[in-house]
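Which chain is which? The protein sequence lines are A and B, in order.
Residue numbers for the first sequence follow this note's numbering, so the first one is 1 and each next one is one higher.
Residue numbers for the second sequence follow this note's numbering, so the first one is 114 and each next one is one higher.
Ideal Cβ placement from N, Cα and C applies to all residues, glycine included.
Written out below as structure tokens is the structure these notes cover.
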Amino acid sequence: AQSVTQPDIHITVSEGASLELRCNYSYGATPYLFWYVQSPGQGLQLLLKYFSGDTLVQGIKGFEAEFKRSQSSFNLRKPSVHWSDAAEYFCAVVIFGNEKLTFGTGTRLTIIP
Amino acid sequence: ETGVTQTPRHLVMGMTNKKSLKCEQHLGHNAMYWYKQSAKKPLELMFVYNFKEQTENNSVPSRFSPECPNSSHLFLHLHTLQPEDSALYLCASSQEGTSGNTGELFFGEGSRLTVL
């Protein structure tokens, strides 16, 4: 069965520092890949998605993610975080032909001054 | 209003109560979803409706009963719940059948349910 792993439950970074959140998926075929963000008290919002083509995708709020087929990874990055980026981040996959979205357990991001 | 709206935002109920969660989407989408979000667990897909027809019931106990009267409204009727059902219940919508939109869900802010 398809699965999504986010190895880091909680990450703390300083404001202005760079960020990388890890995501690995387990499936034989290349899935559609997504990152969602959930701010406190809010629903989830789509940050970016990868379907095909350029393996480096740009999203909203200055985020980007890189698909690496050889590593089955889709890590989320931001060069300089802002205090407003504090939130929970979810990686998700959809397998082509089975359009059910499977979420990882999430990574909670804390920003310190 | 725009987006996906959920009411109530917070609900406390006893195990013998009957209550309902409501979701309304103003995006013109044709699919709506209920997800359960519990602490330290992945989001759990509960129900999916496409064009008002239920297309997914992810082994959800019968004490949860969905209703989709039209493509803009979705309800989750609750009865005889258990304390372990306490969670954040998220509604989402999407436009299915359009290439490039697969997996792009628009979420409401959720209804925080506490079962005593």
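One alpha carbon belongs to residue 137 of chain B, the other to residue 181 of chain B, and they sit about 10 Å apart. At a cut-off of 8 Å between beta carbons, residue 215 of chain B contacts chain A. Taking 8 Å as the threshold, the shortest C-beta distance from residue 153 of chain B to chain A falls below it.
Going by beta carbons, residue 42 of chain A and residue 222 of chain B fall inside the 8 Å limit. By the rule that beta-carbons nearer than 8 Å mark a contact, residue 55 of chain A does not touch chain B. Listed as beta-bridge partners of residue 5 of chain A by DSSP are A:24. Contact of residue 223 of chain B with chain A is assigned, a C-beta pair being separated by under 8 Å. With fewer than 16 other beta carbons inside 10 angstroms of its own, residue 164 of chain B counts as exposed. Boundaries of the beta strand (DSSP E) around residue 68 of chain A: 64 to 68.
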